Each structure stands twice: as structure tokens, then as C-alpha cells.
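Read top to bottom, the protein sequences are chains A and B.
Going left to right, the first sequence walks through residues 0 to 373 as numbering that gives the first Met the number 0 numbers them.
Going left to right, the second sequence walks through residues 0 to 237 as numbering that gives the first Met the number 0 numbers them.
Beta carbons: idealized from backbone N, C-alpha and C, even for Gly.
Owing to the predicted nature of the structure, the values given are computational and were not obtained by experimental measurement.
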Amino acid sequence: MVRPTIGAARGLLVALLLAGCAGPQELATTEAGLRLAADEAEARLRASGRVVRDPELDAYLRRVLCRIVGERCAEFRLYVLDQPGFNAAAWPNGVIEIRKGALLRLENEAQLALVLGHEAIHYQNRHVAQLWGRAEQAVGVGALVGTVLGLRPIGEAMGVLAALSYSRDMEREADRLGLERLAAAGYDPNEAPRLWAALLEEKARIGDSGQLAFLSTHPTDAERIAELRAGAARLPVPVSADPTGRAAYRAATARRRGAWLAAELRARSFAASEILLDRLRAAEPESGELLFFAGELRRLRDGPGDAEAALALYEKARGRPDTPVEVWRSTGLVALRLGRRAAAKDALATYLARAPTAPDRALIEQMLEDQDRP
Amino acid sequence: MRFGLAILMLALAGCAMTEPKVAPEALATGSVGSGARIEEAKVLLLPPDLKVGEVGVAGQFKPRADWTEQAARNVMAALETKLAGRVRLERIDEASLDPAERADYERFATLARAVGQSIVAYGQLPTRRDRFDWSVGETGWPLARSRGARYALLVQMVDTHASGELIGLNVASFAVAALGLPAVIRTGAHYGRADLVDLETGRVVWHNFMLSQSPVADLRTLSGAETAVEALLRALPI
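Below is the structure:
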């Protein structure tokens, strides 16, 4: 008696679900709805304080975007988010967001072009709308089976898991096409696996490598690097003086990097920041700025031996042309922590002498006065 | 997104409708602040913040651009009918704003929306229930000043309709429930919020909120939009 009833219900549902399955019309409707929601979110983003306002940097990023996507670049709006850590995303209305923590981790223009091109492909190939449509179908089938079995939440969850594999396919497509575009735009395609390998190393060190592959929206890291390496090997390396665009990227970002590094350290993910700083210092061993921030990392972390290590790094940094004047303040603060009053007073006084308009002048003067009290 | 989820969870809890909230000093004497009578002051009507879409089988919200556009026309027409003759009304048309005005408008609308949603979320807390003293701050709003407006009326509505798949699944769920098995029924919901903000003091002088699971007002039709506006703006002091 039970079986025919369930059978009839199932038949009705299959008919209803098939009637609602995604054709091109359905995809267009989904896309219009997602675009509307994204436009609203974009208005809120613009009104928020989360966007870095820097016209010169924006102009540079747009030039690189246009070089990688070609004439369709007018469809995109780029936002740099005031957030540490590596991430970038494409919205279904043509917004590409990239964190300043990502810009800090890129070594050259080729890597920037790779990230922007990858996100542009997600938008141009309508990945969000496709994923939504497929997720709806998968969850619909899951809910139907679940309802008939009396286990609807489990059925829906299985549908979501099935939809995630589509997401991995889309990442592969963006990786593959992104690599081709990178080479076509005249950049060295070998920068793609290099970037991912560097990010993977950072991720592994902070203990984030144990995620379950079937739950992840991106292909597993080793798989991804292997595919990118194989892909890059098949593509030509352009013959030019600077096929990675390293000099251009440095020129566009040099003045901003100090602030980005300071923000990165404020996030207090010291294990990840240490890998990042080691990587940057390997490429620029003479940089006073990087020596200073390596010292800052140790000063802020304040683990065993960190104070001494910070002082040694500050000492190496001082006197180099690109070292920030704050190296004197940090030297003084660490010396104070170690009880070296005379050295601390000396360093703090030097800081005030070299940065007469420092915003923390009153605070430092007070500290100096406190040291003179018995 | 998180807010949408909260609405859906509230929707599942049933129907809620609070009494409209009025700032006492705003209406006790029929006049506000510098003495201008409220019905004489000019009211700026911001474009209604609307979202119309489907609820899918798993309860997910799917915005529909075509329905939302239709609803925007209907709600605007219903608001103008409702307020016609009662108040000097000026509409803000986002498309006609220059970039500086637009940034200014977006800042104000975002802030006022956050305050209005906070009233919905926290207005019933024991420490807030008897104190209606919400404000968007005395930040001023150049656009409003240039248009000589004293008040801004903000309306938000979210209207969700069960998708075809969900209706089919609900039918099946009833059948399953009839067999004694556990089943889930999900439906659409209607959410509405309105705030009247005094642009001189920044105070929210009037607020109302409604939430309903029964399909009383389908914003896709003009008559549905009129019903929704009538219910939301009942007891509006202008």
C-alpha cells in the first residue's frame, strides 16, 4: 500500500524537477538575479571603508587587466580590499576584488596578470551562474530522494557535495585558460606554477594543508601545481628583457609595500608572515625595508630570543636607503624591553630628531621623560 | 546573506508584526525640532530597497531581476498613491545623481539601512524596548539640504515565492507526512521595514516592521504592492 503512493509522488516530482531544469533561458534568469544581487553588494562595498583608494595603483592594475583580457576589459571594475592574506574573487557583475595581502605576495607583473586573468575567466565564462544552476539541480535531486526516504536534510547535503565537484572543474578551466592567456599576453607562463608553489608553502607552514579534497572548491594543491607545470612547459617563454615584468611591478608597488607589510603583521599570523618575508628577502637581500619588517615580526611576536634577533635585524637595516625611520623607534622599544635604558633613550631621541613631525611624538617624549625619573 | 538567512529563520517561526514605533518628542505636539509641522515639511522618498525572488527546495533565496524590477515600479506607484496630497514628496532618482551626490547618497542609504535593520534586530531587547531613541547621527546630508528636505522615508521589502520545484516537493512532503514519515514544508515570506528619519537631527522618528508567511501581498502585482504599502505605512505620522 505504501509503495504506490511513494511511486506516484516520485513521478510527480521528477516531472516537476525536469520541467524546471536549466536551459539557456533559465541560465539567463539566474544570471540576471545574481547580477542584481552583486550590483547591490557592490554599492555597499563602495560605501564601506574596506576599499583601498589609490588612483595610481588602480590605474596600473587596470592596465595589466586590459593587457590580459583584451578589449573586454571595460566590463570589469577592480577593487583592492584593505585586507591581509591572499585572496581574489570575481563577482557575477564584473567586479574583481583583490586583497592588498595578495598584491604583497605577488613578485611580478606576470603573477598579477595570472590572478586577474583567472578571475576574469570565471566572470566571462559565467561560472557563478552555471554553478548556481547546477547546485540547484543537484540539491533538487538530493531533496527529492531525501524526501522520499524521509531523510531530506541528508539528501540536500549530498546535493551540495555533488555541486562542489562542478566548482573544481571550473577552477581547472580558469587555470588552463588563464595560463594560455598569460603566454598570449607575452608573459612567462612558468610564473603560474611558481606562484602556486610559493602560496602552498606558506599554507603548509601554518597548518592548513589537511583539508579534505572532496570538500574543497579548488583542486588539491599538488594536483594544481602539477597541471600548471605541465601546461606551462607546452607554452613558449617570450623573448624579452623582462618576461616576468618584475621591474614594472616593483615600480608600481614599491611605495605602498611598507604599509601592506605593516598591515600583514597586524594580523598576527606570524608563521605565514615569516615565510612571506623570507621569500621576499631571498629576492631582495639588500632591502632595508624588508630587514626592518623582519625585525618588526620578531618584536611583535616576542617569543624566546626574538628581542635580540629584532635588534640585530634593525642594526643591519639602519643606514640603508630604503629603511623606514621607524627603525629607530622600534630599536628603542625593544631596548627598553631588555632593560637597556641608555641605548633605548638614544634610539628614541634619534627617532624624534629624524621624524620631527611623527604622529606619536608626544607619546615618545613622555617615554623619554619617564626614563629620567629615578 | 546572513540577514537573508535571519529573515528566513524568522519566517519559519511564523508571522510577526510589531506596533509602529514613534519617537515621543517628535509627535507629542505635532511638530518636530525647530517647530516645522511634520505635515508641512518636505519628505525625500528614497528608492525602495527591494528584493523579490524564489525560495528553492533547500530554502535558498534566488533573486529574480525581472520580478524585482516589476516590484520596484509597483511599490513606487503604491507609495506615491498612499502619500499623495499628504506630504510634499520628492523622489530621489539614483540615475540622475552626479558621482559626488551618488557617493553621498550611498553613504546615507547604507547607514540608514543599517540603523533600520538594527531596530528590527535589537529593538525588542529588554533594555531597548521602552526607549525609541535611534539615530543615524548628526552627520548632515548635503543632498537633502540642497533639496530643502526635512525628512527621508526609507522602505525595504523582501518578497519570496516558492519555486515550482519547491511546490512540487511540498506536495510530495505532504504525501510523505501522511504516511507518518518526517517531512519538511517550506514556503515564501514577506518582510517589510519602513523608517522616517529627521534629516536635521538624524533621529529615526518613526519605524515599522512586518513579517508574514502568508502570501498577503505579492509585490509583482500593483494591488499586492498597494496592500503591502498600506500595511507597512499604517499609522505613518504624515
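I'd like to check one pair, LYS50 of chain B with VAL157 of chain B: are the Cβ atoms closer than 8 Å?
In the second sequence, residue 157 of chain B corresponds to position 158, counting from 1. In the second sequence, residue 50 of chain B corresponds to position 51, counting from 1. Judged by their CB atoms, VAL157 of chain B and LYS50 of chain B are nearer to each other than the 8 Å cut-off.
- Query: What residues of chain A sit near ALA57 of chain B, judged by a beta carbon separation below 7 Å?
  - Reply: If you number the second sequence from 1, residue 57 of chain B lands on position 58. Below the 7 Å Cβ cutoff, chain A contributes VAL138, ALA142 and GLU155 as neighbours of ALA57 of chain B, in chain order.
As an exercise, report each continuous alpha helix (DSSP H) stretch of at least 4 residues that is fully enclosed by the region 155-207 of chain A, in chain order.
Runs of the alpha helix (DSSP H) inside the region 155-207 of chain A: 190-204.
May I ask you to list the residues that DSSP assigns as paired with MET156 of chain B? Taking the first residue of the second sequence as position 1, residue 156 of chain B is located at position 157. DSSP, once it has assigned bridges, lists B:LEU49 and B:GLY191 as partnering MET156 of chain B.
query: Does the distance from the C-beta atom of PHE208 of chain B to that of ARG192 of chain B stay below 8 Å?
result: Taking the first residue of the second sequence as position 1, residue 208 of chain B is located at position 209. Taking the first residue of the second sequence as position 1, residue 192 of chain B is located at position 193. Note that the C-beta distance between PHE208 of chain B and ARG192 of chain B is below 8 Å.
Between which residues of its own chain and ALA247 of chain A is the CB-CB distance below 7 Å, once the five residues before and five after are set aside?
Here residue 247 of chain A refers to the residue found at position 248 when the first sequence is read from its first residue. So the qualifying residues of the chain are GLU108.
From the DSSP output, which residues share a beta bridge with SER268 of chain A? Residue mapping note: residue 268 of chain A aligns to position 269 of the first sequence, counting from 1. Beta-bridge analysis with DSSP links SER268 of chain A to no other residue.
Can you pull the chain A neighbours of SER95 of chain B, defined as C-beta to C-beta under 8 Å?
Locating residue 95 of chain B in the second sequence gives position 96, counting from the first residue. The contacting residues do not exist; SER95 of chain B stays about 16 Å from chain A at best.
Checklist entry - Among B:TRP140, B:ASP194, B:ILE184 and B:ALA99, which one has its Cα closest to the Cα of ALA113 of chain B? => result On the second sequence, position 114 is the one that residue 113 of chain B refers to. Nearest C-alpha to ALA113 of chain B: B:ASP194.
Exercise for the section: Express the C-alpha separation of ASP241 of chain A and PRO235 of chain A in angstroms, rounding to a whole number. Expected result: Here residue 235 of chain A is taken as the residue at index 236 of the first sequence, counted from 1. Here residue 241 of chain A is taken as the residue at index 242 of the first sequence, counted from 1. Rounded to whole angstroms, PRO235 of chain A to ASP241 of chain A spans 15 Å at the Cα level.
message = Here's the rule I'm using: 16 or more other beta-carbon atoms within 10 Å means buried, otherwise exposed. How should ALA191 of chain A be labelled?
response = Translated into the one-based positions of the first sequence, residue 191 of chain A becomes position 192. Buried.
Exercise. Where does PHE173 of chain B land, buried or exposed, given buried means 16+ other C-beta within 10 angstroms?
Worked result: Translated into positions along the second sequence, residue 173 of chain B becomes position 174. Looking at its Cβ environment, which holds fewer than 16 other Cβ atoms inside 10 Å, PHE173 of chain B is exposed.
Are SER166 of chain A and LEU198 of chain A touching if we call contact CB-CB under 8 Å?
-> For the purposes of this step, residue 166 of chain A is taken as residue 167 along the first sequence, with counting starting at 1. For the purposes of this step, residue 198 of chain A is taken as residue 199 along the first sequence, with counting starting at 1. Going by C-beta atoms, SER166 of chain A is not nearer than 8 Å to LEU198 of chain A.
### Message
If you follow the beta strand (DSSP E) that SER211 of chain B is in, where does it begin and where does it stop?
### Response
Along the second sequence, one-based indexing puts residue 211 of chain B at 212. Its beta strand (DSSP E) spans residues 203-211.
Can you confirm whether the region 146-164 of chain A touches the region 32-42 of chain A when touching is taken to mean that 3 or more C-beta pairs between the two stretches lie within less than 8 Å?
Verdict: no, contact absent.
Interface residues of chain A facing THR67 of chain B [CB-CB closer than 7 Å]:
Residue numbering aside, residue 67 of chain B sits at position 68 when the second sequence is read from its first letter. Under the 7 Å cutoff, chain A gives LEU35.
Inter-residue spacing [alpha-carbon to alpha-carbon] between ALA258 of chain A and THR322 of chain A: For the purposes of this step, residue 258 of chain A is taken as residue 259 along the first sequence, with counting starting at 1. For the purposes of this step, residue 322 of chain A is taken as residue 323 along the first sequence, with counting starting at 1. Computed Cα separation, rounded: 13 Å.
*asked:* Between TYR59 of chain A and ALA251 of chain A, how many whole angstroms is the CB-CB distance? I'm expecting something under 8 Å.
replied: Position 60 of the first sequence holds residue 59 of chain A. Position 252 of the first sequence holds residue 251 of chain A. Right, their Cβ atoms sit about 4 Å apart.
#### Entry: Contact between the region 134-146 of chain A and the region 109-121 of chain A (3+ Cβ pairs under 8 Å)
They do not touch, by the three-pair rule.
Review point. Under the rule that 16 or more other beta-carbon atoms within 10 Å means buried, what is ASN86 of chain A, buried or exposed?
Key: Taking the first sequence and counting its residues from 1, one reaches residue 86 of chain A at position 87. ASN86 of chain A sits exposed, since fewer than 16 C-beta atoms from the chains shown fall within 10 Å of its C-beta.
Go ahead and pull the three-state DSSP assignment for ILE95 of chain A. What you label residue 95 of chain A is simply residue 96 of the first sequence in a count that begins at 1. Correct three-state label for ILE95 of chain A: strand.
Open item on the list: Please return the same chain residues whose Cβ sits closer than 7 Å to the Cβ of ALA184 of chain A, not counting the five positions on each side in sequence.
Closed with: Here the question's residue 184 of chain A lines up with position 185 in the first sequence. For ALA184 of chain A, where only same-chain residues beyond five positions count, the Cβ hits under 7 Å are ARG66, ILE67 and ALA112.
| query | How many angstroms separate the CA atom of LEU163 of chain A from the CA atom of VAL135 of chain B? | reply | Here residue 163 of chain A refers to the residue found at position 164 of the first sequence. Here residue 135 of chain B refers to the residue found at position 136 of the second sequence. If you take the alpha carbons of LEU163 of chain A and VAL135 of chain B, they lie about 42 Å apart.
query: Are the region 40-54 of chain B and the region 62-74 of chain B touching, with three or more C-beta to C-beta distances below 8 Å?
result: As far as the Cβ criterion goes, the region 40-54 of chain B touches the region 62-74 of chain B, which means the pair count is three or higher.
Residue closest to HIS121 of chain A, alpha-carbon to alpha-carbon, out of A:ALA101, A:VAL138, A:GLU96 and A:ALA231 | Here residue 121 of chain A refers to the residue found at position 122 when the first sequence is read from its first residue. Residue A:GLU96 is the option with its Cα nearest to HIS121 of chain A.
Could you round the C-beta distance between GLU263 of chain A and LEU103 of chain A to whole angstroms and report it? I think they count as a contact, below 8 Å. Numbered from its first residue, the first sequence carries residue 263 of chain A at position 264. Numbered from its first residue, the first sequence carries residue 103 of chain A at position 104. About 6 Å; that satisfies the 8 Å criterion.
Range covered by the beta strand (DSSP E) that runs through ARG90 of chain B | Here the question's residue 90 of chain B lines up with position 91 in the second sequence. Element bounds for ARG90 of chain B: 87-90.
Practice problem: Establish whether the CB of GLU96 of chain A and some CB of chain B are separated by less than 8 Å. | Solution: Here residue 96 of chain A refers to the residue found at position 97 of the first sequence. At least 8 Å separates the CB of GLU96 of chain A from every CB of chain B.
- Item | Residues that ARG144 of chain B contacts on chain A, provided the C-beta gap is smaller than 7 Å | Within the second sequence, numbered from 1, the residue matching residue 144 of chain B stands at position 145. Correct list: empty, because the minimum Cβ distance to chain A is about 19 Å.
Measure the alpha-carbon distance for PRO237 of chain A versus LEU178 of chain A and round it to whole angstroms. Here residue 237 of chain A is taken as the residue at index 238 of the first sequence, counted from 1. Here residue 178 of chain A is taken as the residue at index 179 of the first sequence, counted from 1. So the alpha carbons of these two residues sit roughly 13 Å apart.
Margin query: Rounded to the nearest angstrom, what separates THR186 of chain B and ALA134 of chain A at their Cα positions?
Written below: Along the second sequence, one-based indexing puts residue 186 of chain B at 187. Along the first sequence, one-based indexing puts residue 134 of chain A at 135. Using only the alpha carbons, I get a separation of about 20 Å.
Note down the Cα distance separating GLN123 of chain A from LEU153 of chain B, rounded to an integer number of angstroms.
-> Translated into positions along the first sequence, residue 123 of chain A becomes position 124. Translated into positions along the second sequence, residue 153 of chain B becomes position 154. GLN123 of chain A and LEU153 of chain B have their C-alpha atoms spaced approximately 36 Å apart.
| field | Unbroken stretches of the alpha helix (DSSP H), 4 residues or longer, contained in the region 282-315 of chain A | value | Counting whole runs of 4 or more residues, the region 282-315 of chain A contains the alpha helix (DSSP H) stretches 287-300.
query: So which residues on chain B does ALA352 of chain A lean against when the C-beta distance must stay under 9 Å?
result: In the first sequence, counting from the first residue as 1, residue 352 of chain A sits at position 353. Under the 9 Å cutoff, chain B gives no residues; its nearest Cβ is about 41 Å from ALA352 of chain A.
Review point. What residues of chain E sit near ALA31 of chain A, judged by a beta carbon separation below 8 Å?
Key: This model lacks chain E altogether, as its protein chains are A and B.
Please determine, among B:PRO236, B:GLY163, B:ARG146 and B:HIS189, the residue with the shortest C-alpha to C-alpha distance to GLN212 of chain B. Position 213 of the second sequence, counted from the start, is the residue given in the question as residue 212 of chain B. Comparing Cα positions, the closest option is B:HIS189.
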